[in-house]
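Trainee: Handing you this structure, nothing more for now.
Listed below in structure tokens is the structure:
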């Protein structure tokens with residue numbers, strides 16, 4: 015696996031960014047935009063995915079990174095659940111629901127795969143490497 019230098023290179027972060035953009039787009043329309051609780055919670059959960067991936071990466075330790083990825087993955091579940099609320103409240107149509115759910119599921123799979131990789135690698139992370147600037 016190639017060395018990742020910046021969190022912006024992580025596929026899961028890129029996918030989470032795309033999910034966040036779409037959730038923001040759809041939640042600013044119609045009745046959805048006026049349900050402040052659901053809109054804000056869903057947006058915060060999306061942002062949480064991105065932020066936890068970034069923060070975990072910047073910690074420079076694989077064990078810590080896995081913890082932050084686990085939090086990000088939990089936020090994916092929160093977004094997926096909120097999508098059902100938005101669908102049931104008719105804030106989004108079935109096609110939008112399917113697109114967003116699929117994107118959330120893909121984000122979760124990418125995070126899960128990265129967590130498995132970090133658990134199996136012998137490296138403990140960049141902060142444990144001697145003679146290399148952090």
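In the numbering used here, the protein residues as written are 15 to 148.
Ideal Cβ positions, reconstructed from N, Cα and C, are used throughout, including at glycine.
Let's test the definition: count the other Cβ atoms within 10 Å of the Cβ of residue 146 and tell me whether it reaches 16, buried, or not, exposed.
Mentor: Residue placement at residue 146 is poorly supported in this model, since its pLDDT is 49, which falls under 50; the coordinates are not used for a value here.
Trainee: By how many angstroms is the C-alpha of residue 40 removed from the C-alpha of residue 108?
Mentor: Cα-Cα distance, rounded: 13 Å.
Trainee: Relative to the C-alpha of residue 19, which residue among 68, 123, 94 and 110 is closest?
Mentor: Measuring from the Cα of residue 19, the nearest candidate turns out to be 68.
Trainee: Ends of the alpha helix (DSSP H) at residue 25?
Mentor: Looking at the DSSP string, the run of the alpha helix (DSSP H) that includes residue 25 is 25–41.
Trainee: If you reduce the DSSP assignment to three classes, tell me which class residue 103 lands in.
Mentor: Residue 103 falls in the coil class under three-state DSSP.
Trainee: By alpha-carbon positions, which one of 106, 34 and 124 ends up nearest to residue 24?
Mentor: Minimum Cα distance to residue 24 is reached at 124.
Trainee: With distance defined between alpha-carbon atoms, name the residue in 78, 121 and 110 nearest to residue 28.
Mentor: Per the Cα distances, 121.
Trainee: Determine the DSSP secondary structure at residue 19, reduced to helix, strand or coil.
Mentor: Here residue 19 sits in coil by DSSP.
Trainee: Roughly how many whole angstroms lie between the Cα atoms of residue 15 and residue 131?
Mentor: Caution applies to residue 15, whose pLDDT of 45 falls short of 50 and renders its modelled position unreliable; the model cannot decide the point.
Trainee: Report the three-state DSSP secondary structure of residue 135 (helix, strand or coil).
Mentor: Looking at residue 135 - three-state DSSP - the assignment turns out to be coil, as it is neither helix nor strand.
Trainee: Does residue 62 pass the burial test, meaning 16 or more other C-beta atoms within 10 Å, or should it be called exposed?
Mentor: Under this definition residue 62 is a buried residue.
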